[in-house]
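Residue numbers (the working numbering), protein chains in the order written: chain A, 15 to 131; chain B, 13 to 126.
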Amino acid sequence: AQKVTQAQTEISVVEKEDVTLDCVYETRDTTYYLFWYKQPPSGELVFLIRRNSFDEQNEISGRYSWNFQKSTSSFNFTITASQVVDSAVYFCALTSDGSGNTGKLIFGQGTTLQVKP
Amino acid sequence: DAGVIQSPRHEVTEMGQEVTLRCKPISGHNSLFWYRQTMMRGLELLIYFNNNVPIDDSGMPEDRFSAKMPNASFSTLKIQPSEPRDSAVYFCASSLVPFGNTIYFGEGSWLTVV
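Here it is in structure tokens:
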């Protein structure tokens, strides 16, 4: 079975603080992809990053960074020096070759991040 | 480049009425997904098309829901008759097979059934 767990339901920080959003996944497949999406208050789902199971290199994009650790089945997302515009719901998602090659995404329940000025 | 385009953005309808949601995927993409988002169940896949053919409709909640993809650039999700519990945000998404490629979402159709 495939599953994505985002244990943090809500996080509140003050602007300029660093914040890490946790994501733990479960899959028996050896080939899989992990994603992060952002859902701002306007409601759309915005793609942030994709990572495949064979690439454990961490990635940094501006204030965003991702830490992928297969040993702990985690794909955590850190925002450095958070800003009010980062306030959103963030979803971690998984797709694997066990999904019948459909590319079907299994989503976590999401973490609501509130950044206060 | 145009992203996934959905219409309507917002729909309020009375129970029992037919609702049709529309989607135009990204040009060149050959996979199309319909997802539903609710507070209780989060984001769940309703149906998946590959090359216009429905591949997996196991997430369609019941016979009141139907989806079509008559060509590569258009899909519909229909609810007939609608019920208050169908109130949700319906997302259309598209990607390029094989799996693992990024799935891009539309802005969603916010449906309220009263």
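Even glycine gets a Cβ: it sits at the ideal position worked out from N, Cα and C. No experiment lies behind these values; they were computed from the predicted model shown.
| Item | Value |
| --- | --- |
| Since T125/A and L35/A should fall inside the 8 Å C-beta cutoff, what is the C-beta to C-beta distance between them, to a whole number of angstroms? | 5 Å |
| Which residues in the same chain as D11/B place their Cβ atom closer than 6 Å to its Cβ, once the five residues preceding and following it in sequence are excluded? | Nothing in the structure corresponds to residue 11/B, since chain B is present only between 13 and 126. |
| Using CA atoms only, rank isn't needed, just tell me which of V109/B, A100/B and S121/B is closest to R53/B. | A100/B |
| Look at the alpha carbon of C106/A and the alpha carbon of R64/A, and state the distance between them as a whole number of angstroms. | 10 Å |
| For S67/A and Q20/A, I'd like the C-alpha separation in whole angstroms. | 19 Å |
| Which of the three DSSP states, helix, strand or coil, is assigned to T126/B? | A small correction: the amino acid at residue 126/B is Val; Thr does not occupy that position in the sequence shown. Reduced to three states, the DSSP call for V126/B is coil. |
| I think K84/A touches E73/A, with their Cβ atoms under 8 Å apart; what is that distance to the nearest whole Å? | Not a contact, Cβ separation roughly 15 Å. |
| Taking Cβ positions, are N42/B and V109/B nearer each other than 8 Å? | yes |
| Any C-beta of chain A within less than 7 Å: which residues of the region 34–50 of chain B qualify? | S43 |
| Cα separation between T25/B and L48/A? | 37 Å |
| Note down, in chain order, every chain B residue with its Cβ under 9 Å from the Cβ of G124/A. | G54 and L55 |
| Run through chain A and tell me which residues come within less than 9 Å of Y102/B, C-beta to C-beta. | Chain A residues near Y102/B: none, gap ~11 Å exceeds 9 Å. |
| In whole angstroms, give me the CA-to-CA distance for L59/A and F86/B. | 20 Å |
| Write down the C-beta distance between E56/B and G71/B rounded to the nearest angstrom, noting that I regard them as a contact closer than 8 Å. | 6 Å |
| Per the contact definition of three or more C-beta pairs closer than 8 Å, is the region 14–23 of chain B in contact with the region 115–122 of chain B? | yes |
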